[in-house]
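This report refers to the structure that appears directly beneath it.
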Amino acid sequence: MSETEGIVPAGSEPWEYVLHIPHDLRAVTVCRRTVRLVLTMHGLIRLADVAELLATELVSNAVRHTKGPVALRLRMRGGFLRVGAWDADPEPPVPPPSAGALTQLTHLEEGRGLALVSSCADLWGWQPLARNGWRGKYVWGDLHAA
Numbered sequence: 005m006s007e008t009e010g011i012v013p014a015g016s017e018p019w020e021y022v023l024h025i026p027h028d029l030r031a032v033t034v035c036r037r038t039v040r041l042v043l044t045m046h047g048l049i050r051l052a053d054v055a056e057l058l059a060t061e062l063v064s065n066a067v068r069h070t071k072g073p074v075a076l077r078l079r080m081r082g083g084f085l086r087v088g089a090w091d092a093d094p095e096p097p098v099p100p101p102s103a104g105a106l107t108q109l110t111h112l113e114e115g116r117g118l119a120l121v122s123s124c125a126d127l128w129g130w131q132p133l134a135r136n137g138w139r140g141k142y143v144w145g146d147l148h149a150a
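Below, the structure is given as structure tokens:
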């Protein structure tokens, strides 16, 4: 039996994974690798590079700029993969610069995360969200899977 035998094709049933991570930048690597594994197992490897980028930027922003718990969420529904990060800070994210300004940010180490998300995702956004007694926000990017 091959390793990929029995894998459900991408367009079928909706699914969701949530990974609660420690407030530690090393967890960003765990998230990135988890995204690739989940997408490979669901036959969506073609989305892995961009989905990894979204997860990396969203989770690293949550860990760097907030205190408290953080979670990565991957959800496939209706032909879209949503990559999102929840954190315990209810303040809205700082809006990203325009796509044209992104080229001016390439030399910076910080400050370009949401600009990359905005440029690479088909749609992105955020919403206030409470979980387990914590108030916070959920920032996400959608990728069309078809």
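For the sequence shown, position 96 matches number 100 in my numbering, and the numbering has no gaps at all. We treat Cβ as the ideally placed atom computed from N, Cα and C, and that holds for glycine. This one's a predicted model, so the numbers in the text were calculated from it and none came from an experiment.
So who's on the other strand from residue i, going by DSSP bridges?
| i | result |
| --- | --- |
| M80 | W19, L85 |
| R139 | A134 |
| D146 | R86, L127 |
| H24 | A75 |
| D91 | V74, K141 |
I'd like the list of long-range same chain contacts for residue i, defined as Cβ closer than 7 Å, with 5 residues on each side in sequence excluded.
| i | result |
| --- | --- |
| G10 | Residue placement at G10 is poorly supported in this model, since its pLDDT is 48, which falls under 50; the coordinates are not used for a value here. |
| A55 | V39, L43, L85, V87, L147 |
| A150 | G83 |
| A59 | C35, R36, V39, L76, V87 |
From residue i to residue j, what distance separates their C-alpha atoms?
| i | j | result |
| --- | --- | --- |
| R86 | N65 | 17 Å |
| E73 | H27 | Strictly speaking, residue 73 in this sequence is Pro, with Glu absent from that position. P73 and H27: Cα-Cα distance of roughly 6 Å. |
| W19 | M80 | 5 Å |
| L57 | D126 | 13 Å |
| C124 | N136 | 31 Å |
| V39 | Q131 | 22 Å |
| T70 | L23 | 17 Å |
| A52 | I25 | 20 Å |
| L48 | R36 | 15 Å |
| V67 | R50 | 27 Å |
Starting from residue i and walking both ways along the alpha helix (DSSP H), at which residues does that stretch end?
| i | result |
| --- | --- |
| L51 | L51 -> no alpha helix (DSSP H), and no H or E assigned at all. |
Which same chain residues end up closer than 8 Å to residue i when comparing Cβ atoms and leaving out the 5 residues on each side of it in sequence?
| i | result |
| --- | --- |
| V42 | Y21, L78 |
| W138 | G72, P73, A92 |
| P97 | N65, L118, W130, K141, V143 |
| A134 | G140 |
| E61 | G117, L118, L120, V121 |
| E95 | K141 |
Tell me which residues share the same chain as residue i and place their Cβ nearer than 6 Å to its Cβ, disregarding the 5 neighbours each side in the sequence.
| i | result |
| --- | --- |
| P100 | L118, A119, S122 |
| R128 | Going by the sequence as given, residue 128 is Trp instead of Arg. Once the five neighbours on either side are set aside, the close Cβ partners of W128 are V121, S122, G145. |
| V12 | Reliability fails at V12, whose pLDDT of 48 lies under 50, so the model's placement of it is uncertain and the value that follows must be treated cautiously. Cβ neighbours of V12 beyond the five flanking positions: none. |
| E17 | none |
| A75 | V22, H24, W90 |
| V63 | V32, C35, L76, A89 |
Three or more C-beta pairs under 8 Å: does that hold for the region 91-98 against the region 31-39? no
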